Amino acid sequence: MSRSIGLNANVTAYVRGANRAEPSVLERCRLETDAMGDIARMQISPEQGAFLQMCARLVSAKTAVEVGVFTGYSALATMLAMRDMHGPEARLFGCDISEPYTDKARGYWDEAGIADQIDLRLGDARDTLTNLVSEIGGTVDMVFIDADKTGYDDYYEAGLKLVRSGGLILFDNVLWSGSVADPAKRATDPDAEALAVLAAKVRDDDRVDMAFTTLGDGILMAMRR
Ligand SMILES: C[S@@+](CC[C@H](N)C(=O)[O-])C[C@H]1O[C@@H](n2cnc3c(N)ncnc32)[C@H](O)[C@@H]1O
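174 is the number of the first residue of the sequence shown in this note's numbering; add one for each residue after it.
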């Protein structure tokens, strides 16, 4: 089960109770993914789902891109908020390399009645994003990046070409369980090093306004100026 770094089970349960309950299809996606074992740690937590929904509302997202779909929880959470605001015009482009994981995602999206609003593209996200920049560059409201960590810098550069001015780019796992703050781990873990280098780049990047938040395993937010 995903939970925020530093929060024990009791406080995590309190936070979950203080948020609104997930729609049943989201809950089922989370519980059935939990049952897959250790790999379920890849899934965002319900409070991160609520946060993504609020971010989508804050930028009135009608078009979103997600890099790293897995079993579909974050895309479904985002899409539910977008559909609530924009109805059938809302659309989300999902990037992933895994057919087995995303087959599960499609099942939940079907159940929620939003499958036809999600354009899932299988293949390396670098290629998919290059294509998306040609197709919808400059028009995207929100990009959520949650795939291979050494790819984040490429996804950031593509994300900056995708989003409109005022559009939001979100990166998950920027704390990497705290490893980013440990020089020894940064020296031996390419993911920790890539995430720390990216965070410093975004901090110093005058193309965006930014906030580094500690929700979940850390969510870095960058808004294109
Ligand atoms: C952390 S999981 C995403 C979790 C998802 N956002 C959720 O909340 O359930 C990362 C996903 O990125 C995908 N992935 C890894 N490398 C990729 C790449 N180069 N291009 C596209 N997807 C990739 C994996 O197949 C996996 O499904």
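Using N, Cα and C, we set each Cβ at its ideal position, and we do this for glycine too. Since the model is a prediction, treat every value here as computed from it, not as a measurement.
- Residue 308 has its alpha-carbon roughly 32 angstroms from the corresponding atom of residue 220.
- By the neighbour-count definition (other C-beta atoms within 10 Å, threshold 16), residue 193 is an exposed residue.
- For residue 282, the CB contacts under 8 angstroms within the same chain, skipping 5 residues up- and downstream, are 245, 248, 249, 252, 288, 291 in chain order.
- Leaving aside the five residues that flank residue 259 on each side, the residues in its chain whose CB is nearer than 7 angstroms to its CB run, in chain order, 235.
- Assignment of alpha helix (DSSP H) within the segment 182-245, counting only whole runs of 4 or more residues, yields 182-191, 197-207, 219-231 in chain order.
- Not one heavy atom of ligand 1 sits closer than 7 angstroms to the Cβ of residue 177.
- Across the set 302, 242, 262, 285, the C-alpha of 242 shows the shortest separation from the C-alpha of residue 273.
- Residue 354: not part of any alpha helix (DSSP H); DSSP gives it neither H nor E.
- In this structure, residue 321 has its beta carbon less than 7 angstroms from a heavy atom of ligand 1.
- In the DSSP annotation of this structure, the continuous segment of the beta strand (DSSP E) that includes residue 384 starts and ends at 381-386.
- Assigned with DSSP and collapsed to three states, residue 320 falls in coil, not helix or strand.
- Nearest C-alpha to residue 368 among 270, 327, 379: 327.
- Non-local beta-carbon contacts of residue 353 in its own chain, meaning distances under 6 angstroms to residues more than five positions away in sequence, involve 365, 368, 369 in chain order.
- Nearest to residue 284 by alpha-carbon distance, out of 305, 201, 336, is 201.
- According to the DSSP assignment, residue 278 belongs to the alpha helix (DSSP H) that extends over 272-285.
- Under the three-state reduction of DSSP output, residue 389 falls in the coil class, being neither helix nor strand.
- Ligand 1 approaches residue 268 closely enough that one of its heavy atoms is under 7 angstroms from the residue's Cβ.
- Nearest C-alpha to residue 296 among 314, 321, 347: 321.
- Annotation for residue 371: 325, 326 place their beta carbon closer than 6 angstroms to its own, counting only its chain and skipping 5 residues before and after.
- For residue 264, the enclosing beta strand (DSSP E) begins and ends at 264-269.
- Counting the other CB atoms within 10 Å of its CB gives residue 390 a total of 16 or more, which places it among the buried residues.
- Residues of the same chain with a CB within less than 6 angstroms of the CB of residue 198, apart from the 5 flanking positions on each side, are 281, 284, 285 in chain order.
- With a cutoff of 8 angstroms on beta-carbon distance, residue 331 and residue 303 are scored as near each other.
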